[in-house]
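**Student:**
2 protein chains.
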Amino acid sequence: MKFCSDCGSNITHIIPDGDNRPRFVCDSCNKIHYQNPRIIAGCLPLYLDSSEEKVLLCKRAIDPRKGLWTLPAGFLENGETVADGALRETREEANANAEIDSLYTVFSLPHISQAYMFFRARLLDLDFSAGHESLDVQLFAESEIPWDELAFPVITQTLEHYFEDRKVQQFGVYYRDIFFERRPG
Amino acid sequence: MKFCSDCGSNITHIIPDGDNRPRFVCDSCNKIHYQNPRIIAGCLPLYLDSSEEKVLLCKRAIDPRKGLWTLPAGFLENGETVADGALRETREEANANAEIDSLYTVFSLPHISQAYMFFRARLLDLDFSAGHESLDVQLFAESEIPWDELAFPVITQTLEHYFEDRKVQQFGVYYRDIFFERRPG
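These protein sequences, in sequence, are chains A and B.
Just so you know, we're using the numbering used here here: the first sequence kicks off at 519 and counts up by one.
Just so you know, we're using the numbering used here here: the second sequence kicks off at 519 and counts up by one.
So this is what it looks like as structure tokens:
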């Protein structure tokens with residue numbers, strides 16, 4: 519950040535009076551431009567098929583992790599609820615109609631200043647297909663999950679929690695911190 | 519937003535190619551300046567006193583809702599976990615030492631593009647006092663909660679959930695959407 523988005527003057531990275539950490543402050547109008555973590559909202563879309571609940575996964579058409587499998591999720595927009603954002607991403611990435619069941623996993627990723635929130639969701643029909651950001655969309659039984667081809671640790675952990683909880687049919691809400699973990703590629 | 523923070527050129531509010539909603543886009547370098555909801559992290563600090571768990575509340579020294587009571591909470595900073603942000607706010611607003619127990623309430627407030635996350639927390643000692651943003655800090659038994667002088671609906675709802683859950687000693691995690699609700703003052 520080099521210029522003030524309000525007045526166009528130069529920005530300096532300094533600790534403002536009464537604050538305790540450096541901020542981007544305008545040299546001219548003194549506006550402080552805060553930067554804050556972003557929320558990624560997503561669904562764990564489930565569909566009862568042949569007596570087993572299957573999970574909808576999307577194969578990523580975009581970087582990072584292009585070609586790997588993910589749950590539908592994306593940046594929450596201003597003016598929408600976290601639950602609505604999760605459903606919107608499910609529509610956009612999988613052309614899928616779902617209903618929220620309940621909040622399920624919350625992950626804090628401080629190294630990239632993101633917080634993920636996944637909801638358990640019921641897929642309402644089998645009328646789904648790859649959206650613009652997906653190469654493929656499929657339902658997976660537990661035995662079919664491509665564990666070695668999942669895109670992000672938050673996806674792996676959400677699926678692990680789900681299959682554990684399913685054994686006892688008790689679904690908690692999980693908050694987890696995930697610290698830096700970067701894999702090649 | 520009028521000027522590009524990267525190059526200082528003029529900004530236009532338009533729908534970029536491949537997007538579906540208006541963004542702030544630089545006329546010159548084409549950088550898209552996204553705006554996203556912010557996270558407010560806070561604690562429900564509890565202390566076992568005379569066989570009852572009491573709740574730590576802070577009387578706000580700043581607007582909005584100056585003079586009303588709140589739980590310690592504030593904007594999450596880049597680079598910190600949601601739980602660490604909640605503990606930092608508890609230190610800053612109440613000079614209090616606490617430990618996280620578990621995630622407790624999550625509120626989505628789309629009209630102001632905010633998501634609150636409160637954690638149940640254990641107050642480690644009685645060495646607390648008003649921080650810069652507080653006029654007073656006190657422990658309250660259930661019968662002492664100033665219900666008519668609470669600062670925000672998220673505070674009221676978090677306390678209501680807590681006292682209900684405490685009766686049965688089972689603490690869930692609550693996700694709630696809160697739509698526009700503005701009180702005079």
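A virtual CB, placed ideally from N, CA and C, is assigned to each residue, including glycine.
1) Sort C547(B), F593(B) and T599(B) by Cα distance to H629(A) and report the nearest one.
2) Looking at chain B, which residues of the stretch 556-573 of chain A have a Cβ within less than 7 Å of any of its Cβ atoms?
3) Counting Cβ pairs, one atom from each stretch, are 3 or more of them under 8 Å apart for the stretch 532-550 of chain B and the stretch 576-592 of chain A?
4) In the stretch 595-625 of chain A, which residues sit with their C-beta less than 8 Å from some C-beta in chain B, listed in chain order?
5) Helix, strand or coil for R539(A)? Go by DSSP, reduced to three states.
6) Would you mind telling me which residues of chain B sit closer than 8 Å to C522(A), beta carbon to beta carbon, in chain order?
7) Give the DSSP bridge partners of H531(A), in chain order.
8) Using a beta-carbon distance cut-off of less than 8 Å, what residues from the stretch 662-685 of chain A approach chain B?
9) Scan the stretch 634-693 of chain A and note each continuous beta strand (DSSP E) run of 3 residues or more that stays entirely inside, going in chain order.
10) Whole angstroms are fine: how far does the CA of N528(A) sit from the CA of G557(B)?
11) Under 6 Å Cβ to Cβ from M635(A), same chain only, skipping five residues before and after it: list those, please.
12) Kindly give me the distance between the Cβ atoms of L564(A) and R638(A), rounded to whole angstroms, as I take these residues to be in contact under 8 Å.
13) Is there contact between the stretch 647-657 of chain B and the stretch 602-614 of chain B, where contact requires at least three CB pairs shorter than 8 Å?
14) Taking only beta-carbon atoms, is N548(B) less than 7 Å away from chain A?
15) Run through DSSP, which three-state label would R583(A) get?
16) May I ask you to list the residues that DSSP assigns as paired with K572(B)?
**Tutor:** Taking the coordinates as given:
1) T599(B)
2) R556 and I557
3) no
4) E595, N596, G597, E598, T599, V600, A601, D602, S620, L621 and V624
5) coil
6) F521 and S523
7) F542(A)
8) none
9) 652-658
10) Checking the sequence shown, residue 557(B) turns out to be Ile, not Gly. One C-alpha to the other measures close to 28 Å.
11) A559, V600 and V624
12) 7 Å
13) yes
14) no
15) coil
16) Y565(B)
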